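Asks: Here you go, one structure.
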Amino acid sequence: MSEALLSVKDLKVHFPLGKGLLGGAGGVVKAVDGISFDLRPGETLGIVGESGCGKSTLGRAILRLTRTTEGQVVWLGQDFLGLDKNSLREARRDLQIIFQDPLASLDPRMTIGAIIARPLKTFCPDLGKAEIDKRVKEAMAQVGLAPEMMRRYPHEFSGGQCQRIGIARAMILRPKLIVCDEPVSALDVSIQAQIINLLRKLQAELGLSLLFISHNLSVVRHISHRVMVLYLGKVMEIGAREAFYANPMHPYSKALISAIPLPDPKAERARERITLQGDLPSPIKPPEGCRFCTRCPIATDLCHASEPPLSPRADGRLVACHHA
Amino acid sequence: MLSTPMSADPLGRQVAAPILSVRELCVDFKLEHGIVRAVDGVSFDVRRGEVLGIVGESGSGKSQILMAAMGLTAVNGKCSGSVTFEGREILNASPEKLDKIRGSSMSMIFQDPMTSLNPYMRVQDQLAEVLTAHQGKSRKEAIDLAVEMLERVRIPDAARRISLYPHEFSGGMRQRVMIAMALLCRPALLFADEPTTALDVTVQAQILDLLSNLVRDLNAAVVIVTHDLGVIARMCDRVMVLYGGRVMEEAAIDDLFEAPRHPYSQGLMAATPRLDDDVAHDLRTIPGAPRALMGKIGGCPFAPRCERRVERCTVETPALLRGAGGRAAACHLVMP
Chain R
272 MSEALLSVKD
282 LKVHFPLGKG
292 LLGGAGGVVK
302 AVDGISFDLR
312 PGETLGIVGE
322 SGCGKSTLGR
332 AILRLTRTTE
342 GQVVWLGQDF
352 LGLDKNSLRE
362 ARRDLQIIFQ
372 DPLASLDPRM
382 TIGAIIARPL
392 KTFCPDLGKA
402 EIDKRVKEAM
412 AQVGLAPEMM
422 RRYPHEFSGG
432 QCQRIGIARA
442 MILRPKLIVC
452 DEPVSALDVS
462 IQAQIINLLR
472 KLQAELGLSL
482 LFISHNLSVV
492 RHISHRVMVL
502 YLGKVMEIGA
512 REAFYANPMH
522 PYSKALISAI
532 PLPDPKAERA
542 RERITLQGDL
552 PSPIKPPEGC
562 RFCTRCPIAT
572 DLCHASEPPL
582 SPRADGRLVA
592 CHHA
Chain V
7 MLSTPMSADP
17 LGRQVAAPIL
27 SVRELCVDFK
37 LEHGIVRAVD
47 GVSFDVRRGE
57 VLGIVGESGS
67 GKSQILMAAM
77 GLTAVNGKCS
87 GSVTFEGREI
97 LNASPEKLDK
107 IRGSSMSMIF
117 QDPMTSLNPY
127 MRVQDQLAEV
137 LTAHQGKSRK
147 EAIDLAVEML
157 ERVRIPDAAR
167 RISLYPHEFS
177 GGMRQRVMIA
187 MALLCRPALL
197 FADEPTTALD
207 VTVQAQILDL
217 LSNLVRDLNA
227 AVVIVTHDLG
237 VIARMCDRVM
247 VLYGGRVMEE
257 AAIDDLFEAP
267 RHPYSQGLMA
277 ATPRLDDDVA
287 HDLRTIPGAP
297 RALMGKIGGC
307 PFAPRCERRV
317 ERCTVETPAL
327 LRGAGGRAAA
337 CHLVMP
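Next comes the structure, spelled out in structure tokens:
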């Protein structure tokens, strides 16, 4: 196994709730509550879970876009959370992000050429205009945008094209890691497939690592080497794609996969479905013991009493369950 | 129960008369820069006990079909054609006439419960209104029935929760409140516009289960609009594939998924990532993006993105041809 590019150790992000003018209850939202994983060069890790599981907060905390409460992020052997302003700025060349809402993440008053050039101008202030233009056009061609369009503005583009602009901006510095936060959720199916294929191509050609955050397990299957399932700020299961989809071990992973409606009516009628009861508990007051115990079909007294550790299984994956 | 009127199908068999018939429905919107045709000559029937799915991407006009039938088209929109409910014309009917049907025989579930429930009204008042306004029930009776319906959609502690405001419910609960509201008057016809798109997948599974059980009990006719082929496969008996405001293909659910015939239906299915397909290869894509619907449509709306396009496709709009087994397709190159 090659050296980890990124190593996240027991990361916690807690948001205190203010009492507020209206006298709110106070308390703490434990959005990310002790998450650890490694990411290797050239690897895509899919991070899945439902709303409130902490997947976006995790992505933002790793990039230091959100303050971390506890834990470590080791980036290329350095303590990333401890970097001072200048070193952080330098390290961030290699770390980029793509957002969910493609149009909202582009400045409407800048031409797309200027948007894509922005990271270059920030990090390589010595580059001449001709060189910047050349690299912007290369980046545009790489993501399937006609370089002639560089003088246009974001509103002239469709959602899929805006996402390509966002990808070109993220790619132009040749980063080592891109955090993709629900990058295809706002797109139509036919466009979603184009963007998934583009990310796969760029990853294979440039040897990038991706943290691919998504609620859509079918999409994640198409792009990830490994999959990590989160529930209320904790890792439930993490393992290689094939093994995970062929045989999800954690009851929550099973329920998640089983809940996806298949685009195949005969398979839909034939399959046995695990339907979870109830809604996600409040992240302010997560259940005692295992966080999933209130909705778990196989929970026992043990699950309500003690929190299962994330422990290794025979095929190398990690599962946090007393009974799996 | 009232006896169901009968009519003859094309083979001369007696079948239940459709509860909803849409014929050559067109919806035009007047915008600053011209007229946009969102729905362009759509026709279909739905019968009691049948679930029809309408699938399409953004801008296909799928939601506007429901809005037109419900009389909810925006003020800059103009509808033409015909929509009959139990034999009576309801397209462009007066709000007074529509209010006798909406919320009593015909109701709708919207995508976003937060924008369709009134944030200033307690849930009990919103639910009770359906019954006091349409069925002349007393407020007490109405609230009792509303609690019962909330229990059926599995809202825990319904008797207490009914006095809360919508924001005090979670997203999944709010969607259940909306379903309860839509089903409270036991409608004969239910429209559902992306009913689970805003929900998490485990909650979506609960809501889809619930919805299919409830409509089966009511023997209602249902039209579900969605972009999700999985939801279609799970819920529907028949499906219509829409693109650029026109019907591309219509078929029984198994027929469409087994052998889609229209190039757009084929493309849509191939582009949908599945849990059981080959991940070694790229997903098949449909080149380009859905086009803006401006001005007069010449030719097939899908032609600019169609890999099988021939010259005829760009000049002559293909008619929706009906074939055997209830299949229909609008393409110069394929027979239904």
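Residue numbers (our numbering), protein chains in the order written: chain R, 272 to 595; chain V, 7 to 342.
The C-beta atom is built at its ideal place from N, Cα and C for all residues, glycine as well.
Here the structure is a predicted model, which means the values were calculated and not measured.
With a threshold of 16 other CB atoms inside 10 Å of the CB of Ala265(V), please say whether the residue is buried or exposed.
Replies: So Ala265(V) counts as exposed.
Asks: Which residues of chain V have a Cβ atom closer than 7 Å to the Cβ of Gln465(R), listed in chain order?
Replies: Thr291, listed in chain order.
Asks: For the beta strand (DSSP E) holding Phe598(R), just list the boundary residues, first then last.
Replies: The question about residue 598(R) has no answer here: the residues shown for chain R are numbered 272 through 595.
Asks: So, helix, strand or coil for Ser485(R), using DSSP?
Replies: Three-state DSSP puts Ser485(R) in a strand.
Asks: What are the residues of the region 502–518 of chain R that lie near chain V, defined by any Cβ-Cβ distance shorter than 7 Å?
Replies: Per Cβ criterion, the list reads Tyr516.
Asks: Output yes or no for whether 8 Å exceeds the beta carbon distance between Ala239(V) and Asp535(R).
Replies: Yes, these two residues count as a Cβ contact at 8 Å.
Asks: Starting from Gly59(V), trace the alpha helix (DSSP H) in both directions and tell me its first and last residue.
Replies: Note, Gly59(V): premise wrong, no alpha helix (DSSP H); beta strand (DSSP E) at 57–61.
Asks: In this structure, how does DSSP classify Lys447(R) when only helix, strand and coil are distinguished?
Replies: If DSSP states are grouped into helix, strand and coil, Lys447(R) belongs with coil.
Asks: Distance check for Asn225(V) and Met7(V), CA to CA, integer angstroms please.
Replies: Since pLDDT at Met7(V) reaches only 41, below the 50 mark, its modelled position is unreliable, and the value read off the structure follows with that caveat. Roughly 11 Å separates the two Cα atoms.
Asks: Comparing C-alpha positions only, which one of Val300(R), Lys400(R), Leu277(R) sits nearest to Pro287(R)?
Replies: Ranking the options by Cα distance to Pro287(R), first place goes to Val300(R).
Asks: So, are the CB atoms of Arg328(V) and Pro310(V) less than 8 Å apart?
Replies: Contact: no.
Asks: For the alpha helix (DSSP H) holding Leu196(V), just list the boundary residues, first then last.
Replies: No alpha helix (DSSP H) holds Leu196(V); the beta strand (DSSP E) holding it covers 195–199.
Asks: Mind listing which residues of the region 161–176 of chain V have their C-beta closer than 7 Å to chain R's C-betas, in chain order?
Replies: Result list: Ser176.
Asks: Would you mind stating whether Leu214(V) and Val237(V) have Cβ atoms separated by less than 8 Å?
Replies: Yes, Cβ-Cβ distance for Leu214(V) and Val237(V) is below 8 Å.
Asks: Work out the CA separation of Glu255(V) and Cys312(V) for me, nearest whole Å.
Replies: C-alpha separation (whole angstroms): 15 Å.
Asks: Under 9 Å between beta-carbons, which chain R residues line up against His233(V)? List them in chain order, please.
Replies: In chain order: Asp459, Val460.
Asks: Let me check understanding here. Comparing Cα to Cα, which of Arg94(V), Val28(V), Ser110(V), Ala134(V) lies closest to Leu156(V)?
Replies: When only C-alpha atoms are compared, the closest one is Ala134(V).
Asks: Have a look at the DSSP bridge pairing and note the partners of Cys324(R).
Replies: Bridge partners of Cys324(R): none, in fact.
Asks: Is the number of C-beta pairs between the region 459–466 of chain R and the region 185–196 of chain V that are closer than 8 Å three or more?
Replies: These segments do not touch.
Asks: Given a cut-off of 8 Å on the beta-carbon distance, is the pair His496(R) and Arg471(R) in contact?
Replies: No, they are not a contact pair.
Asks: Using CA coordinates, which residue listed in Leu282(R), Leu316(R), Pro558(R) is at the minimum distance from Asp452(R)?
Replies: Looking at the Cα atoms, Leu316(R) is the closest of the given residues.
Asks: What residues in its chain sit with their C-beta under 7 Å from that of Leu289(V), if we drop five residues either side in the sequence?
Replies: Hits under 7 Å: Ala277, Pro279.
Asks: What ranges does the alpha helix (DSSP H) occupy inside the region 386–432 of chain R, keeping only unbroken runs of at least 4 residues that lie completely in it?
Replies: Correct list: 400–413.
Asks: Compare the Cα-Cα distances from Glu539(R) to each of Asp243(V), Cys319(V), Val21(V) and report the closest residue.
Replies: Among Asp243(V), Cys319(V), Val21(V), the Cα nearest to that of Glu539(R) is on Asp243(V).
Asks: Is it buried or exposed, Ser9(V), if we count other Cβ atoms within 10 angstroms and call 16 or more buried?
Replies: With a pLDDT of only 48 at Ser9(V), under 50, the local geometry of the prediction cannot be trusted, and the value read off the model is given with reservation. Label assigned to Ser9(V): exposed.
Asks: Would DSSP call Cys574(R) helix, strand or coil?
Replies: Three-state DSSP puts Cys574(R) in a helix.
Asks: Since Val321(V) is in the alpha helix (DSSP H), which residue starts that stretch and which ends it?
Replies: Counting along the chain, the alpha helix (DSSP H) containing Val321(V) begins and ends at 317–321.
Asks: So is the beta-carbon of Met254(V) under 7 Å away from any non-hydrogen atom of the ligand ADP?
Replies: Absence of the ligand ADP is noted for the structure shown, with no ligands found whatsoever.
Asks: Output, in chain order, the set of chain V residues within a Cβ distance shorter than 7 Å of Gly431(R).
Replies: Ordered by position in chain V, the residues that pass the 7 Å Cβ test against Gly431(R) are Ala295.
Asks: At 7 Å on the CB atoms, spell out the chain R contacts of Phe308(V), in chain order.
Replies: Those do not exist, as Phe308(V) stays about 11 Å from chain R at its closest Cβ, beyond 7 Å.
Asks: Which residues in the same chain as Tyr502(R) place their Cβ atom closer than 7 Å to its Cβ, once the five residues preceding and following it in sequence are excluded?
Replies: Hits under 7 Å: Gly320, Cys324, Tyr523, Arg562, Phe563.
Asks: Take Pro579(R) and list the residues in its own chain whose beta-carbon comes closer than 6 Å to its own, dropping the five residues that flank it on each side.
Replies: For Pro579(R), where only same-chain residues beyond five positions count, the Cβ hits under 6 Å are Cys561, Ala591, Cys592, His593.
Asks: Just reading off the beta strand (DSSP E) that Gln343(R) is part of, what are its end residues?
Replies: 341–346 is the extent of the beta strand (DSSP E) around Gln343(R).
Asks: Ends of the alpha helix (DSSP H) at Ala227(V)?
Replies: No alpha helix (DSSP H) contains Ala227(V), which is instead part of the beta strand (DSSP E) from 227–232.
Asks: For a quick check, are the C-beta atoms of Leu31(V) and Gly87(V) less than 8 Å apart?
Replies: Yes, the pair counts as a contact, with Cβ atoms nearer than the cut-off.
Asks: Which runs of the alpha helix (DSSP H), 4 residues or longer, sit entirely within the region 34–84 of chain V?
Replies: Listed in chain order, the complete alpha helix (DSSP H) runs (minimum 4 residues) inside the region 34–84 of chain V are 68–76.
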